[in-house]
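Trainee: Residue numbers (my numbering): -18 to 263.
Positions of the beta carbon are idealized from the N, C-alpha and C atoms, including for glycine.
No experiment lies behind these values; they were computed from the predicted model shown.
This is the structure I want to talk about, given as structure tokens.
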Ligand code: PAF
């Protein structure tokens, strides 16, 4: 695996691969790899001739500077894991490569960005995500880009970006990878203390409670939501939202019929976690 620091160098490497007839898979990441990231890299490895993993902690998508400062970083470990997953190029640029002096463009998407993560993290969050992902797509020109379904709203935002700007890239959303006790893998999990780690399984339990409520015949979204919230531990976990939305549009549903997406966000101590699950009526 080759680690590449500049836009010019990754462009040259990708250009050569394309010239040789190779297909290109891109896994955009902010590092601190776990099995969820590795599952994306493995999927890309199966499907594409060359795999590029970008590792860039994107300051533009953090509304809270302390959250950016706390974000876990360990490039040496990440590079070893990516090499083990047979990644060809690790694109790990410094901030000035992505946002050079004079950078003045923001990609802003309406609608799908406005609820849930957009409402709680601030509008700038998805502007930052859309801008950096648009840049990565322009820099790497991948045939396929791989994202984790754990960030379900982010996947919807990126699909909208690609559709609206006619970007010639296929977006593949890969299933959430979970710890044995159900906690969704996240780079932020390393920030949890022992007791917080225990409480963090509450997000998964809330989603399970919603699913069980629907399986037991409940169809009213307010009642399903109440069952989910009741399953969150009472102390030390601060729910931000639990939403039941249409899997296609992310618009909240009032009645559960067919397939809906349940999404939850909560603060566990100082760490903000999200999770989601698809619920289907029998
Ligand atoms: O999901 C992430 O890690 C980030 O939001 C992404 C897509 C790499 C953009 O910075």
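(1) Which whole-angstrom value describes the C-beta separation of residue 41 and residue 56, a residue pair presumed to lie in contact below a C-beta threshold of 8 Å?
(2) Given the structure, does residue 130 come close to the ligand PAF, in the sense that its CB is under 7 Å from one of the ligand's heavy atoms?
(3) Nearer than 7 Å: is that true of the beta carbon of residue 110 relative to any heavy atom of the ligand SAM?
(4) Once the 5 residues before and after residue 166 are set aside, which same chain residues still bring their CB inside 8 Å of it?
(5) With a 10 Å radius around its C-beta and 16 neighbouring C-beta atoms as the bar for buried, classify residue 264 as buried or exposed.
(6) Does DSSP put residue 253 in a helix, a strand or coil?
(7) Tell whether a beta-carbon distance below 8 Å holds between residue 121 and residue 33.
(8) Quick check: does the Cβ of residue 39 come within less than 7 Å of any heavy atom belonging to the ligand PAF?
(9) CB-CB under 8 Å to residue 173, same chain, minus the five flanking residues each way: which ones, in chain order?
(10) In chain order, what residues of the same chain have a beta carbon less than 6 Å from the beta carbon of residue 186, not counting five sequence neighbours either side?
(11) Who are residue 236's beta bridge partners in DSSP?
(12) Bridge partners for residue 40 per DSSP, in chain order?
(13) Using 7 Å as the cut-off, classify the Cβ of residue 42 as near or not near the heavy atoms of the ligand PAF, replying yes or no.
(14) Report whether the distance from the Cβ of residue 9 to the nearest heavy atom of the ligand PAF is below 7 Å.
(15) Could you spell out where the alpha helix (DSSP H) holding residue 112 opens and where it closes?
(16) Residue 68 to residue -10, Cα distance in whole Å?
(17) Taking residue 176 as part of the alpha helix (DSSP H), name the residues at either end of that continuous run.
(18) Where does the unbroken beta strand (DSSP E) through residue 89 begin, and where does it stop?
(19) In whole angstroms, what is the alpha-carbon distance linking residue 36 and residue 146?
(20) Whole angstroms is fine: what's the gap from residue 178's alpha carbon to residue 170's?
(21) Does the beta-carbon of residue 224 have 16 or more other beta-carbons within 10 angstroms, so that it is buried, or is it exposed?
(22) Taking the C-alpha atoms as reference points, what is the distance between residue 247 and residue 44?
(23) Determine the direct distance from the alpha carbon of residue 31 to that of residue 19, and round the result to whole angstroms.
(24) What do you reckon, are the CB atoms on residue 192 and residue 256 nearer than 8 Å?
(25) Using only the alpha-carbon positions, how far apart do residue 236 and residue 198 sit?
(26) Over the uninterrupted beta strand (DSSP E) stretch that includes residue 219, give me the two end residues.
(27) Please work out which residues of its chain come closer than 6 Å, Cβ to Cβ, to residue 220, disregarding the five sequence neighbours upstream and downstream, and give them in chain order.
Mentor: Concretely, from the data shown:
(1) As a working note, residue 41 is residue 60 in the chain shown. As a working note, residue 56 is residue 75 in the chain shown. Actually they do not touch by this definition, with Cβ atoms about 20 Å apart.
(2) Sequence index remark: in the chain shown, residue 130 carries index 149 (1-based). Relative to the non-hydrogen atoms of the ligand PAF, the Cβ of residue 130 never comes closer than 7 Å to any of them.
(3) As for the ligand SAM, it is missing from this structure, which binds only the ligand PAF.
(4) Residue mapping note: residue 166 aligns to position 185 of the chain shown, counting from 1. For residue 166, where only same-chain residues beyond five positions count, the Cβ hits under 8 Å are 15, 16, 17, 131, 157, 158, 159, 160.
(5) This structure does not reach residue 264, given that the chain is present from -18 up to 263, and the question cannot be answered.
(6) As a first step, residue 253 is located in the chain shown; it is residue number 272 there, counting from the start. Here residue 253 sits in strand by DSSP.
(7) Sequence index remark: in the chain shown, residue 121 carries index 140 (1-based). Sequence index remark: in the chain shown, residue 33 carries index 52 (1-based). Result yes, Cβ atoms of residue 121 and residue 33 sit closer than 8 Å.
(8) Looking up residue 39 in the chain shown gives position 58. It does: the Cβ of residue 39 is within 7 Å (strictly closer) of some heavy atom of the ligand PAF.
(9) For the purposes of this step, residue 173 is taken as the residue at position 192 of the chain shown. Hits under 8 Å: 181, 249, 250, 252.
(10) Here residue 186 refers to the residue found at position 205 when the chain shown is read from its first residue. Answer for residue 186: 212, listed in chain order.
(11) As a working note, residue 236 is residue 255 in the chain shown. For residue 236, the beta-bridge partners assigned by DSSP are 201.
(12) Here residue 40 refers to the residue found at position 59 of the chain shown. Looking at the DSSP assignment, residue 40 forms no beta bridge with any residue, so it has no partner.
(13) Taking the first residue of the chain shown as 1, we reach residue 42 at position 61. In this structure, residue 42 has its beta carbon less than 7 Å from a heavy atom of the ligand PAF.
(14) Here residue 9 is taken as the residue at index 28 of the chain shown, counted from 1. Yes, the beta carbon of residue 9 sits closer than 7 Å to at least one heavy atom of the ligand PAF.
(15) Against the chain shown, residue 112 aligns to sequence position 131. It spans 104 to 121 - the alpha helix (DSSP H) in which residue 112 sits, taken as one unbroken run.
(16) On the chain shown, position 87 is the one that residue 68 refers to. On the chain shown, position 9 is the one that residue -10 refers to. CA-to-CA, the gap between residue 68 and residue -10 works out to about 16 Å.
(17) By one-based count along the chain shown, residue 176 stands at place 195. 175 to 196 is the extent of the alpha helix (DSSP H) around residue 176.
(18) The residue you call residue 89 lines up with position 108 of the chain shown. No beta strand (DSSP E) holds residue 89; DSSP gives it neither H nor E.
(19) The residue you call residue 36 lines up with position 55 of the chain shown. The residue you call residue 146 lines up with position 165 of the chain shown. For the pair residue 36 and residue 146, the Cα-to-Cα distance works out to about 24 Å.
(20) Within the chain shown, the letter at position 197 stands for residue 178. Within the chain shown, the letter at position 189 stands for residue 170. Approximately 7 Å between the Cα atoms of the pair.
(21) Taking the first residue of the chain shown as 1, we reach residue 224 at position 243. In the assembly as shown, residue 224 is a buried residue. Its beta-carbon has 16 or more other beta-carbons within 10 Å.
(22) On the chain shown, position 266 is the one that residue 247 refers to. On the chain shown, position 63 is the one that residue 44 refers to. One C-alpha to the other measures close to 17 Å.
(23) Position 38 of the chain shown, counted from the start, is the residue given in the question as residue 19. Position 50 of the chain shown, counted from the start, is the residue given in the question as residue 31. In a straight line, the C-alpha of residue 19 is about 15 Å away from that of residue 31.
(24) Locating residue 192 in the chain shown gives position 211, where the first residue counts as 1. Locating residue 256 in the chain shown gives position 275, where the first residue counts as 1. Taking a C-beta distance under 8 Å as the contact criterion, residue 192 and residue 256 do not qualify as a contact pair.
(25) Start at 1 with the first residue of the chain shown, and residue 236 comes out as number 255. Start at 1 with the first residue of the chain shown, and residue 198 comes out as number 217. Looking at the two C-alpha atoms, the distance is approximately 12 Å.
(26) Counting from one through the chain shown, the residue named residue 219 turns up at place 238. For residue 219, the uninterrupted beta strand (DSSP E) segment begins and ends at 218 to 227.
(27) Here residue 220 refers to the residue found at position 239 of the chain shown. 213, 247.
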